[in-house]
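For reference, the structure is listed below as structure tokens.
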Amino acid sequence: QVQLVESGGGLVQAGGSLRLSCVASTRTFGNYAMGWFRQAPGKERERVAAIGPRGTITYYSGSVKGRFTISRDNAKNTVYLQMNSLKLEDTAVYYCAAGPFTTEFDYWGQGTLVTVSS
């Protein structure tokens with residue numbers, strides 16, 4: 012069982028930046044692919060970014076590519092999501108996830124709310 016705890020959400024003005032963090036409670040963090048998902052009210056959950064176990068493989072959705080950067084520090088059991096040039100439509104609850112592949116996730120965090128204001 013892997014427990015994931017996100018932090019770093021909050022209120023930010025459009026055009027601003029936030030960095031989300033997710034700490035995993037596992038001794039085998041380096042074996043997991045990690046991902047960030049988001050869900051806005053009334054919308055389906057969206058895979059925003061993902062990163063392979065060693066950090067050499069990354070994925071970004073078209074809606075965030077060029078603005079968001081996913082990274083990980085295996086020594087700290089932590090994955091990050093740097094979000095720049097935030098837009099109103101980035102408002103959502105952001106979830107961290109862990110799994111065997113960048114397209115398959117078994118463990119989920121509780122989510123952190125990001126609100127972008129005009």
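Counting along the sequence shown from 1, when you hit position 86 you're at 97 in the working numbering, and nothing is skipped either side. C-beta: ideal position from N, C-alpha, C; glycine also. Note that the structure is predicted; figures quoted are calculated from it, not measured.
Can you grab the Cα-Cα spacing for the pair residue i / residue j, in whole Å?
| i | j | result |
| --- | --- | --- |
| methionine 94 | alanine 25 | 11 Å |
| isoleucine 62 | isoleucine 81 | 7 Å |
| asparagine 88 | glutamine 12 | 14 Å |
| glycine 77 | threonine 39 | 30 Å |
| glutamine 14 | tryptophan 119 | 7 Å |
| glycine 122 | serine 96 | 21 Å |
| threonine 102 | serine 129 | 11 Å |
| arginine 83 | glutamate 55 | 26 Å |
| glycine 21 | glutamate 57 | 19 Å |
Residue j and residue i - do their beta-carbons sit closer together than 8 Å?
| i | j | result |
| --- | --- | --- |
| tryptophan 47 | leucine 29 | no |
| tyrosine 71 | alanine 86 | no |
| valine 125 | leucine 99 | no |
From the options, pick the residue whose C-alpha is nearest to that of residue i; which is it?
| i | options | result |
| --- | --- | --- |
| cysteine 33 | Gly20, Met45, Asn42 and Val16 | Val16 |
Report the start-end ranges of each beta strand (DSSP E) in the stretch 40-68 that is 3 residues or longer and not cut off at the edges. 44-50 and 57-62
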